[in-house]
Amino acid sequence: MKDLSTIQALIFDLDNTLVSSQLNFKLLRELLNCPEKVDILDFVEQIKSASVMKQAKDLIVSHEMSDALTSSFLPGSKSLLAFMTIHKYPTGIVTRNCREAATTKLSKNAINVDILITREDYPAKPNPQALFAIAQLWGIECQNIVYVGDHFYDVQAANSAGMISCLITHNVDLSFKDSAHLVFNELHELEDALKKDN
1084 MKDLSTIQAL IFDLDNTLVS SQLNFKLLRE LLNCPEKVDI LDFVEQIKSA
1134 SVMKQAKDLI VSHEMSDALT SSFLPGSKSL LAFMTIHKYP TGIVTRNCRE
1184 AATTKLSKNA INVDILITRE DYPAKPNPQA LFAIAQLWGI ECQNIVYVGD
1234 HFYDVQAANS AGMISCLITH NVDLSFKDSA HLVFNELHEL EDALKKDN
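Residues 1084 to 1281 in the numbering used here are what the sequence shown lists, from first letter to last.
If you want it as structure tokens, here you go:
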């Protein structure tokens, strides 16, 4: 396992990392006529008609808001965030969600972090710009920050930023797990690993 003693901060993905999400991407693709292997957000940005693009964006936000209202803490997330606070680790969230849905999820689940970045702020993951921005804001080297997520985009973004990529698998054998520096089934395992190095 990678040495965790140099870690100075953690950044998290939101959906299915800290909180549950039942967002139906298959349905969204069908409603938007988005091909299966094309990123939904990229697809919408390529729509030439401004009015059609707005309708597509509004549809996505509507689905995200419905999802936000049913979100709940995932196992280990509350304990890990409390551990971060006690040990004064800076914490952030970088999500592909819209800001309204993300803030609703944070409010509903009483999640407090130092910074929240959504797709309105920087290009969406796997683009690493948001991660670079947080590292610069905190004045911490990227190599001393862990980015935690459950998706290939999370691993890609972390690796591109030169951060420590941490994949949460939820006990699923993910084909891309070898791309991550750290792999845990659930967040409590990450907390246990951090405790050993504190």
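For each residue, glycine too, the CB sits at the ideal point set by N, CA and C.
This structure is a prediction, so every number in the text was calculated from the model and none was measured.
Whose CA, out of 1221, 1211, 1125 and 1153, lies closest to the CA of residue 1192? 1153
If you compare alpha carbons, which of 1208, 1221, 1243 and 1215 is closest to residue 1236? 1208
Where residue 1181 and residue 1085 are concerned, what is the direct C-alpha to C-alpha distance, given to the nearest angstrom? 33 Å
For residue 1143, does the three-state DSSP call read helix, strand or coil? helix
Applying the criterion that 16 or more other CB atoms from any shown protein chain within 10 Å of the CB defines a buried residue, is residue 1118 buried or exposed? exposed
Leaving out five residues on either side along the sequence, give the residues of the same chain with a beta carbon under 8 Å from the beta carbon of residue 1274. 1159, 1162, 1163 and 1166
Compute the beta-carbon to beta-carbon distance between residue 1240 and residue 1211, rounded to the nearest angstrom, for a pair I have assumed lies under 8 Å. 5 Å
I'd like to check one pair, residue 1218 with residue 1205: are the Cβ atoms closer than 8 Å? no
C-beta atoms of residue 1266 and residue 1213 nearer than 8 Å: no
If you reduce the DSSP assignment to three classes, tell me which class residue 1255 lands in. coil
Quick check on this structure: which residue in 1102, 1127 and 1096 has the alpha carbon closest to the alpha carbon of residue 1111? 1127
Do you know offhand how far residue 1133's Cα is from residue 1109's? 24 Å
Give every residue of the same chain whose Cβ lies closer than 6 Å to the Cβ of residue 1148, excluding the five residues on either side of it in the sequence, and list them in chain order. 1184
Can you tell me whether DSSP reads residue 1213 as helix, strand or coil? helix
Residue ranges of each alpha helix (DSSP H) within the stretch 1129 to 1194, 4 or longer: 1133 to 1152, 1160 to 1169 and 1182 to 1191
Sorted by chain position, which residues of the same chain lie with C-beta nearer than 6 Å to residue 1264's C-beta, five sequence neighbours on each side aside? 1085, 1247 and 1248
Three or more C-beta pairs under 8 Å: does that hold for the stretch 1221 to 1228 against the stretch 1249 to 1263? no
Checking the sheet assignment: what are the DSSP bridge partners for residue 1232? 1250
Here's a check: name, in chain order, each residue in its chain whose Cβ is nearer than 6 Å to the Cβ of residue 1203, leaving out the five neighbours to either side. 1182
Only counting the same chain, and skipping five residues up and downstream in sequence, which positions put a Cβ closer than 8 Å to that of residue 1261? none
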